[in-house]
Amino acid sequence: MKVLVCVKQTFDTEAKIELKGGQISDAGINLIINPYDEVAVEGGIQLKEKGIATEVVVLSAGSDKAMDAIRTALAMGADRGILVKQDTAADEYARAIALAAAIKDENPDIVLAGHVAADDGSSQVPTRVAEILGLPHVNVITAIEIAGGKATCTCEADGGTSVIEVSIPAVISSQVSWNEPRYPSMKGIMAAKKKPVATKDAVAVANKVNIVEFALPAAKQAGVKIEEDADVCAAKLADWMKNVVKVEVK
Amino acid sequence: MAGTWVFVEQKDGNIRKVTFEMLSECKKGGDEVAAVVFGQGVEGLAPELAKFGADKVYVADDAIFANYNTGAYVAQIVAMIKEFSPNAVLFAHSFNGRDMASRLAQKLDTGLATDAVAAEISAGKGIFTRAIYAGKALAKVEVAGSPVLATIRPGVWEVGSTAGAGAVVKAAVAATAADVYQIMKEFRPTVSARPDLAEAAVVVSGGRGCKGPDGIKLVEQLADMLGAAVGGSRASIDSGWLGHELQVGQTGKVVLPNLYIACGISGAIQHLAGMSSSKFIAAINTDTEAPIFGVSDFGVVSDLFKVIPMLMTELKK
Amino acid sequence: MIFGSHPIRGFYEVPMREVGANVPYEWLIYFIMFIPIGFILYGMWKRIEVWMLAKGDIHRNDRVWDRVVSFLVNTFGQARVIRKPLPGWMHFFLFWGFAFLATAAGLDAAHYWIHWPHLEGNLYIGMSWIVDVTGFLALIGIMVLAYIRYIQKPERLNDTKSSDGWIILLVFGILFTGFVIEGARIAAQIQQTPFLEQVPYEKIASPFGWMFASIMGGMSVDSLLMWHRLLWWFHMSIAFLFLALIPFTKLWHIFAGMFNYAFRDLEPSANRMVYNIEEAETFGVENIEDFGWKDLLDLDACIRCGRCQENCPAYNTGKHLNPKITLIQHMKEHLDAKAPYLIAKKGEDVPHEEMAMTDEAAAEAVNPMEQSLLYDVVTTDVIWDCTNCRACMEHCPMYIEHIPKITEMRRNLVMWQGDMPGEAQAAFTNMERNYNPWGVGWAGRAGWLQERNVRDIVNLLPEDGGEFEYLLYAGCAVSFDDRYKRVGEALVRLLDKAGVKFGYLGTEEYCCGDSARRLGNEYLYQTLANSNLESFNNYGVKKIIVVCPHGYNTLKNEYPQMGGKFEVYHYTEILAKLIAEGKLKPTKSLAVNMTYHDSCFLGRHNNIYNEPRSVLKTAGGNVIEIEKGRNFGFCCGAGGGRMWLEEEAVEGYKRINDTRTDQLLEPKPQMIVTNCPFCLTMISDGVKGVEADVEDPTKVFDVAEVLWQAMN
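Residue numbers (numbering that gives the first Met the number 0), protein chains in the order written: chain A, 0 to 249; chain B, 0 to 316; chain C, 0 to 711.
Laid out in structure tokens, this is it:
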């Protein structure tokens, strides 16, 4: 059984975001595998370790720099990589088309990906890929069992947890609580250098979503600290929670 | 081509607040606002939807819609979009909303703005503001298409009071069993179990200041009221008040909620490393010098045993 | 001549002792002696063969004179052994007793073969006196040691084996029979001499032999001679047995120890460097033979005295790590079981009973070739338990190098097996991406200057670029730990007040890499070190003041391995110097009682004990010395990268930091003072737990804060 994992290279989650010439500056930013995708890579490798999968292919669409993300996944234990060269400004639609084209050539039994990317936070791509390929999909899984041509996934849902079964091939997106991704060993890193990575160009397609402008949110106001009677404190805190944080009270 | 549709988030006839938020916001514009509700025996929801601004309520009522499943829901809405040609369809940015919207967008070969916090919708075009990089930047994006598709973050819009006509339009059931590719084997509703710590939008944490299981009980009550996850600093884990899996910090879990409420936690660096990236932080502690106040947006120097019960009363108002 | 031997004569014209008198066929001994010598040589070769299995790269052929001095001072001066006074001095006696006895016996043998030297007259009296006195002290020594092991039973000797008893008995037997023989001879002489005044030189030459003679004075000459003859052969037999046993028992420590004294690590406390890591094909130690020869020699040198165990914070809080048993002795047993296979180049298909060197090894159920050093022999629990506090190495009388072995095994686990605690993974990722173990965004590294309102008194080199004498290497804690930012503030205010010209790198400063290195991630350590070295070079740094003792040790002792050439000072050294120069004068005396916690990396790793104390004294601090202070200081639990790992308290024990906090609170101080951000975190946490119900818990401060308090 072949598992293909889609990974996106994103900014480090602690990175300081700055604008330069109206664009998000990547100066001095460390690039990482999207943490949700990293979980998918680990999930794929674990399927192989359990003897369910025979090969784990890692696929990324992005600039040449995304090769680092692929190498990291290979160092974790994936078998080979595919880099689809694409402008990083591609939207979810263009990204999904590029990935789906590469996946079609590979014809995997399971396509894994993180359910959302830590940078754009849009959570569309895995589902779009499934639609393009005409495959079933399950999102936000925290566990998976594969047997008899079916994948049974435990996934987060509104108001609870559901267990959903789909036939494979299928596209499955991971939640971070699925597993703890491994830290690549030097052995893995050395082995990764020898693993093959194919490079291809993305299908040229126009974005459907266009960026009008980027902005930084208004600077966070300095914290307040109140030392008053408990009832006054409680009232002010409740007010802040309702009006500033906008919490939903059940 | 007319009208803005709001896809109704409901489970067993209970409509989520985000649906009303979307209806109310759309009602502010001049365009016709329609609620679209799928389910079994959901026709009765129309008056409630009208109350918050639905001029029309499209109802697809069938056993096939009893539980959410992507295939049937998408097939149904595709058929309805073809029939009624709405200008825009808005979904909640929930597990189901984004799942359905993404598949729909691809099926229609169109764009989609997910997790929008602001919207300006005109004919054939929508301008949405999206929070990116976990809220560290904002992107204003333009989505063209018919209809314009977006998912809206819950809680960003106010629930209004302008009612709509609420005329019920029964849609023909277009989804068939062949459209269903996900088989729901089991659903475990969140009743006692709280959301996962790493993913929760709100986390309420208790530390040494809770002094024992009684203090932790208050923390848990507050958490349940907010649909929040419960966490703790090492002191409360060590003392056995909370399970190991609930430790927040360097050697526990790193959390990134919208709101983190630290109760009786002084905020040593090892704890801060696990929660200081939260969007909003509130702290309740008796020690005015506690480092937690250095990172909190709203700090309360007081006894949590007094403040939490009063806070819950205030929040219920 | 009786049976071909000389009789014992009543007196001799010159003071002397006739070797072999009264012992028939005594000359045989000079031939028999080659048997034990043969055993020693054979056994020694077998051990050398084992050491030669080592594949690791260790060079200990530098600084020859220092090695000679170390050898002499430690062998003949027993310098490390006597640090523990009672057993130490008893061992000292035992060593010198046997040294002289062996010398005397050797001279006798030399006289037989080459007729030299002639031990007569004052030379005889002097030689005999020394041997007699030291031999008697040795006899007392072995009895006291037996008392300690079997009556006093200190916890450190918790693995007493039957062989320990047999060896004590053997040593006692040799010494005791020696005195009985001497006593019998002198008694026989006294009874036979017509000129009593001719014999008393023996009273000077052999004072304790004379004592034994007086006890035996009532026996007849015949029975004295008979016992003398019989015991002489018995004495020689067990003495030869002793010699023959040396390479095959714990007695081997005599030689292994001497080698260890000569080949010990003379460098300051640093982890072993991995050169050309980019080209390396293996990492750390996976199999026992991957260690260096000195590591295997260390295993032979261990005499199981338990001084490591006695001082180990992990062991004393119930963890799996016991430096004596679960580390060194388990490795030693495994080495001895596996070595025959490796020497014979035989695989695991050979039954281990066939290959075993000892009966114990043969009785073992497992084939050593199938055993994993990391998972079966030492075990990962043991490997991760270590806090690198160096107490074991500090107190080991043999200079065994425990920490480098732990590090080598961690290196293999992390870089090769990819097996490490989840928290270590997180710490590595944080250091990799944001150059600090907490994982706070690196761009905010200099933010503490604004937060603590000291931006205007700090020369932030990337922005200000002014001249400076010292570089202030603030470290991750000053940059990101809110509590420790206050220490950073106190320090820069003090430096500013004293007029020190210092620069600070801000975001061009990276984590020193100590935690990464000590957790086994050498690659990450070298990456971070290179980044720092590049920054240091860019700004032409010559002198560095380091705040955190971990950074201090790393920059001072480990960066030179990577080409770092600069002077490194801990800030307490600088403060002590500024006080001495009159540049910092407290405006008031705090007059508080305090306990001071010696951090391991300032204390044992770098021998800085006095400067922080003198700074505290200047500030008006009355430092109450606690039992576990200075080089006996008990770790806070955070060294060796354990700061980032969770410590589970073992049933019946407290955590390391809580244990240490109890020790520091014991004299009821008004405050606890330390010099390290990790210690400050651990001890503060300990105080919160211990004094949870106390209205006003004891405050924990850093040395810099205490001095700053006295300046305001």
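Virtual Cβ for every residue (Gly too), placed ideally from N, Cα, C. Just so it is clear, the structure is predicted and the values come from calculations on it, not from any experiment.
The three-state reading of DSSP puts glutamate 155 (chain A) in strand, counting E and B together. Distance between threonine 71 (chain A) and serine 172 (chain A), taken at the CA atoms: about 19 Å. Secondary structure note for lysine 293 (chain C): its alpha helix (DSSP H) is the uninterrupted segment 292 to 300.
The alpha helix (DSSP H) runs of length 4 or more contained entirely in the region 64 to 135 of chain C are, from start to end of the chain, 84 to 113.
The beta carbon of tryptophan 95 (chain C) lies closer than 8 Å to those of Thr133, Leu136 and Ala137 in the same chain, with the five residues before and after it left out.
Rounded to the nearest whole angstrom, the C-alpha separation of lysine 245 (chain A) and glycine 154 (chain B) is 6 Å.
Just measuring C-alpha positions, the residue of C:Ile185, C:Leu229 and C:Leu100 sitting nearest leucine 174 (chain C) is C:Leu100. Non-local beta-carbon contacts of alanine 115 (chain B) in its own chain, meaning distances under 6 Å to residues more than five positions away in sequence, involve Phe127, Arg129, Ala149 and Ile151 in chain order.
For histidine 136 (chain A), the enclosing beta strand (DSSP E) has its first and last residue at 136 to 146.
In this structure, alanine 71 (chain B) sits away from valine 56 (chain B), with a CB-CB distance that is not shorter than 8 Å.
Beta-carbon to beta-carbon, alanine 272 (chain B) and glycine 438 (chain C) are separated by about 6 Å, close enough to satisfy the 8 Å threshold.
Here isoleucine 81 (chain A) really is in contact with alanine 197 (chain A); their C-beta atoms are around 5 Å apart, less than 8 Å. When C-alpha distances from proline 256 (chain B) are compared across B:Leu107, B:Val299, B:His92 and B:Ala133, the shortest belongs to B:Ala133.
Positions of the alpha helix (DSSP H) runs, each at least 4 residues long and wholly inside the region 313 to 390 of chain C, are given as 329 to 343, 351 to 354, 358 to 362 and 379 to 384 in order along the chain. Proximity of chain B to glutamate 154 (chain C) at the Cβ level (cut-off 8 Å) is not reached, the minimal Cβ distance being about 27 Å. Contact check between the region 454 to 467 of chain C and the region 41 to 59 of chain A: fewer than three CB pairs, one atom from each, fall below 8 Å, which does not count as touching. Inter-segment contact for the region 2 to 13 of chain A and the region 94 to 113 of chain A is present: three or more beta-carbon pairs are separated by less than 8 Å.
Asparagine 13 (chain B) and glutamate 155 (chain A) have their C-alpha atoms some 19 Å from each other.
The region 204 to 281 of chain B contains, as complete alpha helix (DSSP H) runs of 4+ residues, the segments 212 to 225, 233 to 237 and 268 to 271 (chain order).
Between the C-alpha atoms of isoleucine 302 (chain C) and histidine 252 (chain C) there is a straight-line separation of about 6 Å. Under the Cβ distance rule, isoleucine 120 (chain B) does not count among the residues neighbouring chain C, no pair being separated by less than 8 Å.
Contacts with chain C (Cβ-Cβ distance below 8 Å) from the region 273 to 291 of chain B involve Ser275 and Pro290, listed in chain order.
The residues Asn270, in chain order, have a CB closer than 6 Å to that of threonine 406 (chain C) in the same chain once the five nearest residues on each side in sequence are set aside. For serine 176 (chain A), no Cβ of chain C is located within less than 8 Å of the residue's own Cβ.
Of the residues assessed, leucine 107 (chain B) falls on the buried side of the cut-off, its CB having 16 or more other CB atoms within 10 angstroms. For the set C:Met414, C:Leu554 and C:Tyr558, the Cα lying nearest the Cα of histidine 569 (chain C) is the one of C:Leu554.
Per the Cβ contact rule, the region 408 to 427 of chain C is not in contact with the region 49 to 68 of chain C (fewer than 3 Cβ pairs under 8 Å).
Going by DSSP, tyrosine 72 (chain B) is part of the alpha helix (DSSP H) stretching over 69 to 83.
Closest by C-alpha distance to glycine 283 (chain C), out of C:Thr102, C:Ile402 and C:Leu320, is C:Ile402.
At a Cβ-Cβ threshold of 8 Å, alanine 228 (chain B) and proline 194 (chain B) count as neighbours. Relative to the Cα of methionine 642 (chain C), the nearest Cα in the group B:Ile268, B:Leu241, B:Lys315 and B:Asn284 belongs to B:Ile268. Annotation: cysteine 5 (chain A) has no Cβ neighbours in chain B at a cutoff of 7 Å; minimum Cβ distance is about 14 Å.
If you ignore the 5 residues before and after isoleucine 287 (chain C), its C-beta comes within less than 7 Å of the C-beta of Met330, His333, Leu334, Lys337 and Leu372, all in its own chain and listed in chain order.
Neighbourhood of glutamate 141 (chain B) in chain A, by CB distance below 9 Å: Val208, Asn209, Ile210 and Val211, in chain order.
Shown here is that no member of the region 60 to 72 of chain A has a Cβ falling below 8 Å from a Cβ of chain C. Annotation for serine 514 (chain C): the continuous alpha helix (DSSP H) segment containing it runs 513 to 517.
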